[in-house]
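Numbering (the numbering used here), first residue to last: -5 to 721. What follows is a short report on a single structure.
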Amino acid sequence: MSSLVSLIGRRELLDQARQQLGAAPGVLLYGPAGIGKSTLIAALADGTPPDCTVLRCSPAEEDAKLPFVGLIDLFAGVPEEYVDGLPTEPRAALRAALLRGREPGGAQSRLAVRIAVLEALRALAAAGPVLLAIDDLQWLDDPSAQVLAFAVRRLGEPGPPGVRLVAAERVPEGEQPGRLSCCPPGTVEIAVPPLPDREVAELLLSDTGVGLPPPAVQAVQRTAAGNPLYALELGRAIVRDGMPASPGGPLPVPRRLRTLLLDRVRRLPASARRTLLVAGAAARPTLTLLRAVGVPDPARDLRVAEVLGVAVADAEGAVRFRHPLIRAAVYADAPEHSRREAHELLAGAVTEPVEQARHLALARPHEDQTTAATLIAAAGSARQRGAPGTAAELAELAAGRTPQDRPEDRADRLLAAAEYACDAGLREDAGRMADTVLGESGSARQRVRARLILLSNAGQALGGTQRLIEAGLRDAAGDPALEARLHHWAAVRDLLGGEPARAADHARRSADQARLAGPAAAHTRIAALALLARLRALHGDLAAADSALREALALLGPARRAREESAHAENTDASPAAWGLIRTGALLAAEADRVVDAQEEVAELLARIAEYAGVEESVATLVALTRIQVRAGRCREAMESAARCAGLPAEAGTRPRPPCTRPRWRRRRADPCRRRCGWPGGRWTRARPTGTGSSCCAPWRYWARRSCWPGAPRGCRLRSRRCSGSG
């Protein structure tokens, strides 16, 4: 791993440590294993000026019982003349301690060793600056630690300055270092914190060289909990071995990490290891739950685990592992049959439907229609609660558990999973599942549904979807409901492609086909009329726009009732149609200069849908709000809404923002156009996430595409022209 990769997310901390090292006699970095202390020590030591003598020591656990090993390492970098120049007795004692002479004996010789080290360091400091760099201070052998403590306490006394110490000590999370006595008085203690999720994503990308799927990145972020070593090992394992076969399953933990983490766990009694396995398999382990699954005395087992620093039960009975990776490692280290048994027990004890379904799936990793039906029902429940990502995971599990002799059921469940994934912004997963159905299904209806998911998945990148729509229309021939939806997408494609006349024609055909389909396609008809209203407004025909909007609004109430009453209604919620109408109505109100009402309406909608809407609906609402704010001349508010819109997919966990985005954003904000008018400018679009058709960057494209519409404040039009990357 290169130093550039290993220092990701640590530059500010490195600068702080370097600054403190210049002002204080020592710096002690502390934190848990793998947090990045060694990387910082190496960077500080390597960054010293050429005239600085760096004495390094990095003991291992097995060195802790070997006397003077640390001192031998430190003095390996001391020129021989500094030892030869010492008085006879201290020189002989030091040579013996360094295994260059006879073994010292008695208290007088031990004192002589300490004096010799002190005088040698003073002589070195007289010739130039000296840095003692000690990693893994907790493993420094006691004789070396005593000599070091003696010397550093006296190096600040009158005499040549220039000896500094930087050390790193491994301590459990939340605890304080225990070997401060080895550091000079006035040493600054610096805790090395976990990396934020954004830096973990950047670290994975820089180290592996590949863009891991968003669920993989999120799983690493969740399991590593900001520990760079753990994140790198987990990321490399995913690149090498792939994600778990079952979506949502525990992340595989490489054997090397398991060896590092589970040495103490493997010493526990069998009953305690079983308790930890069940706790690791549960979503929210508690003492009550462990008793419910038949663990005889979970409190006793956890007391033993607490002594070893593995897990603890708090005052409320909740079970917490010391680190999420220990939990994953305990699970990964157990035999497959033991893991299934744990999930079977938990499936019978938990009452929450989604958690129960997941345990059932992991307990029975074979085809089973009953399990599949339970999973797809739980997926629907999760989606209704506003958790489309969880719904996608459960629905894909349902498809995997569906027997091979029920291919239509399997395809329907895979399509449901793809739709949920699309709602959650998990574009790679949605596309993969839709492509699978498109390539395997013999049902024209299912192939059309797959194409509709791929269209929705494309966001605003619809330029290359003509063949997809045409093939869909051939499969949908004779089914007006499906034809209506495809014509609607064709209208959106043409609108974005700058063909408003063709877009209006497709929107009208979509509305007409939806009318023929009856109540089952009422929501498609509403969406088509809303789009038609928008197109009429763009042409300046506000009367026709208002007429189309009124027709859509008149249909909204009956459509909702039809949705509730008809078992054959199309597979969409009534809410998105209503949201689209609200957005369109607000935009038309803004066109009529009722911008205050329009902004209030969209802001209220945004707050109302926050918990339930998919990423695309939230982005579309933010785009509408941005446009209205521009129309109102509230440029700074529009800038903030656009920035929020651009960051929404990352906040939703749909895709890790590329490392270049935020730094480039900050540099662009210093652009001359911002200094002149306070706007971000069209060039912000160049820092947008690549490889996605999401509409998250629509606000930035909007500035470059238009200099606001007629009637907008003159300053707004001027700013848009100045800030547009294309003029």
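We put the CB at the ideal spot given by N, CA and C, even for glycine.
Quick one: what does DSSP say Cys51 is sitting in, helix, strand or coil? strand
Output the distance between the C-alpha atoms of Arg668 and Val442, rounded to the nearest integer angstrom. For Arg668, the pLDDT reaches just 39, beneath the cut-off of 50, and the residue's location in the model is therefore unreliable, although a value from the coordinates is still provided. Answer to the nearest angstrom: the Cα atoms are 46 Å apart.
Please work out which residues of its chain come closer than 7 Å, Cβ to Cβ, to Pro61, disregarding the five sequence neighbours upstream and downstream, and give them in chain order. Asp135, Pro137
Between which two residues does the beta strand (DSSP E) containing Arg314 stretch? 313 to 315
Starting from the C-beta of Leu523, find all residues in its chain whose C-beta is less than 6 Å away, skip the five residues before and the five after it, and write them out in chain order. Ala505, Ala542, Glu545, Ala546
Starting from Arg158, follow its DSSP beta bridges and name the residues at the other end. Leu125
Check this for me: beta carbons of Arg268 and Val259, under 8 Å apart or not? No. Outside cutoff.
Hey, would you say Ala366 sits closer than 8 Å to Thr396, going by beta carbons? yes
In the DSSP assignment, what are the bridge partners of Gly20? Leu159
Does the distance from the C-beta atom of Leu319 to that of Ala307 stay below 8 Å? No, Cβ-Cβ distance for Leu319 and Ala307 is not below 8 Å.
Cutoff 6 Å; reference Asp129; Cβ partners in own chain excluding five residues on either side: Answer for Asp129: Ser32, Ile35, Ser52, Ala162, listed in chain order.
Helix, strand or coil, according to DSSP, for Ile232 in the structure here? helix
For Ala511 and Ala475, I'd like the C-alpha separation in whole angstroms. 5 Å
CB Val214 to CB Ala322, shorter than 8 Å? no
Please determine, among Ala58, Arg487, Arg625, Val289, the residue with the shortest C-alpha to C-alpha distance to Glu464. Arg487
Between Ala632 and Gln623, is the Cβ-Cβ spacing less than 8 Å? Yes.
So, helix, strand or coil for Ile109, using DSSP? helix
State the start and end residues of the unbroken alpha helix (DSSP H) segment that holds Ala626. Element bounds for Ala626: n/a, residue is neither H nor E.
Which stretch, first to last residue, makes up the beta strand (DSSP E) that contains Ala305? 305 to 307
Contacting residues, own chain, Cβ-Cβ under 6 Å from Ala664 (five flanking each side not counted): Residue confidence for Ala664 is low, a pLDDT of 36 falling below 50, so the modelled location carries little weight; the figure read from the coordinates is stated next. Around Ala664: no qualifying Cβ.
Kindly list the residues whose CB is nearer than 6 Å to the CB of Val182, restricted to its own chain and excluding five residues on each side of it in sequence; keep chain order. Gln14, Ala18, Val21
Sort Asp362, Thr368, Glu330 by Cα distance to Pro347 and report the nearest one. The candidate whose alpha carbon is nearest that of Pro347 is Thr368.
When you compare only the Cα positions, how much space is there between Leu270 and Leu254? 17 Å
Spatial distance of Val287 from Ser265 (CA atoms): 14 Å
Following the continuous beta strand (DSSP E) through Ala452, name the residue where it begins and the one where it ends. Per DSSP, Ala452 belongs to no beta strand (DSSP E) and is neither H nor E.
Pull up the CB-CB distance for Cys416 and Ala405, whole angstroms please, since I reckon it's below 8 Å. Between Ala405 and Cys416 the Cβ distance is about 16 Å, and since that is not below 8 Å, they are no contact.
Are there three or more Cβ pairs, one per stretch, closer than 8 Å when the stretch 217 to 227 is compared with the stretch 273 to 292? Segment contact: the stretch 217 to 227 against the stretch 273 to 292, fewer than three CB-CB distances shorter than 8 Å; contact not assigned.
Identity of the residue in Ala277, Arg261, Gly311 nearest Val301 by Cα: Among Ala277, Arg261, Gly311, the Cα nearest to that of Val301 is on Arg261.
Residues bridged to Ala185 by DSSP? Tyr24
Output yes or no for whether 8 Å exceeds the beta carbon distance between Ala389 and Ala411. yes
Measure the beta-carbon distance from Leu68 to Val77 and round it to whole angstroms, keeping in mind my assumption that it falls under 8 Å. Taking a contact as a CB-CB distance under 8 Å, the pair Leu68 and Val77 does not count as one, their CB atoms being some 12 Å apart.
Can you tell which of Asp587, Arg588, Arg638, Glu595 has the C-alpha that lies nearest to the C-alpha of Val609? Nearest C-alpha to Val609: Arg638.
For Gly79, the first and last residue of its enclosing alpha helix (DSSP H): Run containing Gly79: none; DSSP gives neither H nor E here.
When the distance is taken between beta carbons, is Ala225 closer than 8 Å to Leu751? This structure does not reach residue 751, given that the chain is present from -5 up to 721, and the question cannot be answered.
Exposed unless 16 or more other CB atoms sit within 10 angstroms - verdict on Gln378: exposed
Compute the beta-carbon to beta-carbon distance between Leu408 and Thr384, rounded to the nearest angstrom, for a pair I have assumed lies under 8 Å. Taking a contact as a CB-CB distance under 8 Å, the pair Leu408 and Thr384 does not count as one, their CB atoms being some 16 Å apart.
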